[in-house]
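So the protein lines, in turn, are chains Y and D. FYI, numbering that gives the first Met the number 0 numbers position 29 of the first sequence as 28, with every residue one higher than the one before it. FYI, numbering that gives the first Met the number 0 numbers position 161 of the second sequence as 160, with every residue one higher than the one before it. Presented below is the structure to which this report refers.
2 protein chains.
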Amino acid sequence: MGYKYNREDILNVGYDVFRRNGYHNVGINQILKESGIPKGSFYNFFESKQDFAQQVIRQYGETNTCWMRDFFEDCTLSPIECLKSFYAMMMNLNEEDEYSGGCLVNNMSVEVGRQNDIIGSEANTHFVGWLNVLATVIEKGQEANEITVEFSALELAEYLHAGFYGVLSRTKVTRNRVYMDIWFEITFKFIST
Amino acid sequence: MGYKYNREDILNVGYDVFRRNGYHNVGINQILKESGIPKGSFYNFFESKQDFAQQVIRQYGETNTCWMRDFFEDCTLSPIECLKSFYAMMMNLNEEDEYSGGCLVNNMSVEVGRQNDIIGSEANTHFVGWLNVLATVIEKGQEANEITVEFSALELAEYLHAGFYGVLSRTKVTRNRVYMDIWFEITFKFIST
DNA sequence: ATAAATAATTAGACTGTTCTGTTTAATTTA
DNA sequence: TAAATTAAACAGAACAGTCTAATTATTTAT
Chain Y
0 MGYKYNREDI LNVGYDVFRR NGYHNVGINQ ILKESGIPKG SFYNFFESKQ
50 DFAQQVIRQY GETNTCWMRD FFEDCTLSPI ECLKSFYAMM MNLNEEDEYS
100 GGCLVNNMSV EVGRQNDIIG SEANTHFVGW LNVLATVIEK GQEANEITVE
150 FSALELAEYL HAGFYGVLSR TKVTRNRVYM DIWFEITFKF IST
Chain D
0 MGYKYNREDI LNVGYDVFRR NGYHNVGINQ ILKESGIPKG SFYNFFESKQ
50 DFAQQVIRQY GETNTCWMRD FFEDCTLSPI ECLKSFYAMM MNLNEEDEYS
100 GGCLVNNMSV EVGRQNDIIG SEANTHFVGW LNVLATVIEK GQEANEITVE
150 FSALELAEYL HAGFYGVLSR TKVTRNRVYM DIWFEITFKF IST
């Protein structure tokens, strides 16, 4: 029989709280309260707030990379239709969430990515992982003549990635799905052959 | 002769400090220290930290709207070349700044735009203003047959806006100009007729 | 197998600092 | 002289992180 609390559960609470509220707006006490863990246990598992945040990002980043890979592996549609349904799903999730969080890794990048090297490079690591998954699918789409070959698969992945996160920022203040829809329409029109 | 300190100078300090460090990571004391103003004077001019941040955003937002309008009015190139040189300039500024700040309004949107209605809607107001300026130029480009008419000028403005801010977030953690260049190449290739 | 010893985890009071914002008084300008 | 501004001490809450003790799990010795 294990102990009462475990690292993973606390990380999951951290994911939720950081994603919705940002990094500097969240105190350790809030994490403790929402996870029901006492301070001593927290500092037994994590060295500091920064260390905790890094581990939160890492867990989510890795989980999401696997999730994306599985999604595209299981997707039986053509490559570009897989991409479309992936982004359609992300947009739906964001709408259901009422645009209140966006992407944890992007939020962390914007808020502290430049000042804090530890968090910045942790975020970048996972961005790169996701971009590679996207690039794989894009490449298949190019081979199937569905996607333009004017640019490399990785360049197009960066393009999709940037556009989507830009539009997430836009929905945070407009709280309206239409901006995601516009981005979707234009982007997929443009990359399609 | 006026008093020793004035609202505008403090707002400019706030712009710089908030842009580089975010909202919740900045304390009033930092603003006081960097502007040399005592606390009493600060609270004479501003009701609260939130009120201060709102005014910082407003001043920058309005200034930037005018600056953009002037830029495009003074630009003697064709519409799409004006757009290109506008974004090229923004990219150069960001590179010179070593990717350390990005756009204040976008940073604020991502960090607090969803939790804080005051700041969120202030940010949105200025986004809308900038988008309208962009749309005006895009419309001219469409009339001159330089820019695709598959989408409305405002939709394309949203598209440019989202992509650019997405890529700013990307440069914050990569600290490399190349991601802006990729975005630029792809985007202008796509919108050009 | 059981008991003793060791290690890991839990618990929360406590520390010192920093946070936003208040207050009161002195000074400056109109 | 009256109003606006400047000045800094002060207040109360929140902050990250420390510390000691108690509890629980695991390992070692018998």
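Don't be surprised by glycine CBs; every beta carbon is placed ideally from N, CA and C. Only a predicted model underlies this, so the values are computations on that prediction, with no experimental measurement involved.
Of all the residues that make up the stretch 108-122 of chain Y, which are near chain D by a beta-carbon distance shorter than 8 Å? SER108, VAL109, GLU110, VAL111, GLY112, ARG113, GLN114, GLY119, SER120, ALA122
Can you list the residues of chain Y that VAL166 of chain D reaches, using a CB-CB cut of under 7 Å? ALA161
Where SER34 of chain Y falls, given that 16 or more other Cβ within 10 Å makes a residue buried: By the neighbour-count criterion, in which 16 or more other beta carbons inside 10 Å mark a residue as buried, SER34 of chain Y falls on the buried side.
Measure from the C-beta of THR192 of chain D to each C-beta in chain Y and report whether the shortest distance is under 8 Å. no
Taking a contact to mean a Cβ-Cβ separation below 8 Å, would you say GLY112 of chain D touches GLY162 of chain Y in this structure? no
Which same chain residues, not among the five before or five after THR64 of chain Y, have their C-beta less than 8 Å away from its C-beta? HIS125, GLY128, TRP129, VAL132
Since I believe MET107 of chain Y is in contact with TYR22 of chain Y (beta carbons under 8 Å), could you give me their beta-carbon distance rounded to a whole number of angstroms? Contact annotation, TYR22 of chain Y with MET107 of chain Y: C-beta distance approximately 6 Å; criterion of less than 8 Å satisfied.
With 7 Å as the C-beta to C-beta threshold (strictly closer), list the residues of the stretch 4-29 of chain Y near chain D in chain order. ASN20, GLY21, HIS23, ASN24
Applying the criterion that 16 or more other CB atoms from any shown protein chain within 10 Å of the CB defines a buried residue, is ILE117 of chain Y buried or exposed? Of the other Cβ atoms in all chains shown, fewer than 16 fall within 10 Å of the Cβ of ILE117 of chain Y; this residue is therefore exposed.
Measuring CA to CA, which of D:TYR86, D:TYR98, D:LYS38 is closest to MET67 of chain D? D:TYR86
With a cut-off of 8 Å, does the C-beta of TRP66 of chain D fall near any C-beta of chain Y? TRP66 of chain D does not count as touching chain Y.
Decide if ASN105 of chain Y is buried, meaning its Cβ has at least 16 other Cβ atoms within 10 Å, or exposed. By the beta-carbon neighbour count (other beta carbons within 10 angstroms, threshold 16), ASN105 of chain Y is buried.
Candidates Y:ILE79, Y:PHE17, Y:ASP69: which alpha carbon is nearest GLN53 of chain Y's? Y:PHE17
According to DSSP, what are the bridge partners of ILE146 of chain D? D:SER191
Within this structure, are the beta carbons of THR248 of chain Y and ASN93 of chain Y separated by less than 8 Å? Residue 248 of chain Y is absent from the model: chain Y starts at 0 and stops at 192.
C-alpha distance - ILE137 of chain Y paired with GLY39 of chain Y, whole-angstrom precision: 47 Å
Which residues in chain D sit within 8 Å of TYR42 of chain Y, going by Cβ to Cβ distance? Those do not exist, as TYR42 of chain Y stays about 22 Å from chain D at its closest Cβ, beyond 8 Å.
Can you list, in chain order, the residues of the stretch 79-102 of chain D whose Cβ is nearer than 8 Å to any Cβ on chain Y? Against chain Y - using a Cβ distance shorter than 8 Å - the residues of the stretch 79-102 of chain D are TYR98, SER99, GLY100, GLY101.
Closer than 7 Å, Cβ to any Cβ of chain Y: which residues of the stretch 165-188 of chain D, in chain order? Answer set for the stretch 165-188 of chain D: GLY165, VAL166, SER168, ARG169, LYS171, VAL172, THR173, TYR178, ILE181, TRP182, ILE185, LYS188.
Quick check: the Cα distance between VAL12 of chain D and GLY140 of chain Y, rounded to an integer number of angstroms? Between the alpha carbons of VAL12 of chain D and GLY140 of chain Y lies a distance of about 49 Å.
Which residues of chain D have a Cβ atom closer than 7 Å to the Cβ of ASN106 of chain Y, listed in chain order? In chain order: VAL109.
According to the Cβ coordinates, are VAL109 of chain D and GLU110 of chain Y closer than 8 Å? yes
Whole-number beta carbon distance between LEU167 of chain D and GLY60 of chain D, since they are thought to touch under 8 Å: Contact flag wrong, Cβ pair sits at about 17 Å.
Would you please state the rounded distance, in angstroms, between the beta carbons of PHE189 of chain Y and PHE183 of chain D? I believe it to be under 8 Å. PHE189 of chain Y to PHE183 of chain D, Cβ: 14 Å. No contact.
Proximal residues, the stretch 123-147 of chain Y versus chain D, C-beta separation under 8 Å: ASN123, PHE126
Per-residue DSSP class, three states only, for VAL25 of chain Y: Reduced to three states, the DSSP call for VAL25 of chain Y is coil.
Grab the span of the alpha helix (DSSP H) containing GLY162 of chain Y for me, first residue to last. Taken as a continuous stretch (DSSP letters only), the alpha helix (DSSP H) holding GLY162 of chain Y covers 152-173.
Taking the Cβ atom as the reference point for each residue, do PHE44 of chain D and ARG19 of chain D lie within a distance shorter than 8 Å? no
Which two residues bound the contiguous alpha helix (DSSP H) that contains CYS65 of chain Y? 48-73
What residues in the stretch 44-65 of chain Y have a beta carbon less than 7 Å from any beta carbon of chain D? none
For the alpha helix (DSSP H) containing LYS3 of chain Y, name the first residue and the last one. Unbroken run through LYS3 of chain Y: none, as it is neither H nor E.
Check the Cβ-Cβ distances between GLU33 of chain D and every residue of chain Y, and say whether any is below 8 Å. no
In this structure, does DSSP put ILE30 of chain D in helix, strand or coil? helix
Output yes if chain Y places a C-beta closer than 8 Å to the C-beta of GLU72 of chain D; else output no. no
So that I know if they touch, is there some Cβ in chain Y lying closer than 8 Å to that of TYR158 of chain D? yes
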